[in-house]
């Protein structure tokens, strides 16, 4: 019997420096942990919210998932 994984955890990293407004930047050394249920890759809304909380600034744009890389942990 195959076991179905209910929750996935991903470490999401920024690929290159990106300005997000008001003198705030996402830097390549920054990473967040995103937990998802039933999907095999991190979703943009949860990923963006995690980075906004990390730097303490709400983005004025939608995070492009091409600007990040992730691995399952």
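In my numbering, the protein residues as written are 1012 to 1084.
Just so it is clear, CB atoms sit at the ideal spot from N, CA and C, and this is done for glycine as well.
None of the values given here were measured: they were computed from a predicted structure.
Taking residue 1065 as the centre and dropping the five residues before and after it, the same chain places the C-beta of 1041, 1043 closer than 7 Å to its C-beta, in chain order. Under the criterion of beta carbons closer than 8 Å, residue 1028 and residue 1036 qualify as touching, at roughly 6 Å. Per DSSP, reduced to three states, the secondary structure at residue 1077 is helical. Where residue 1066 is concerned, there is no enclosing beta strand (DSSP E), although the alpha helix (DSSP H) around it starts and stops at 1055-1066. Take the alpha-carbon of residue 1061 and the one of residue 1045: they are about 7 Å apart.
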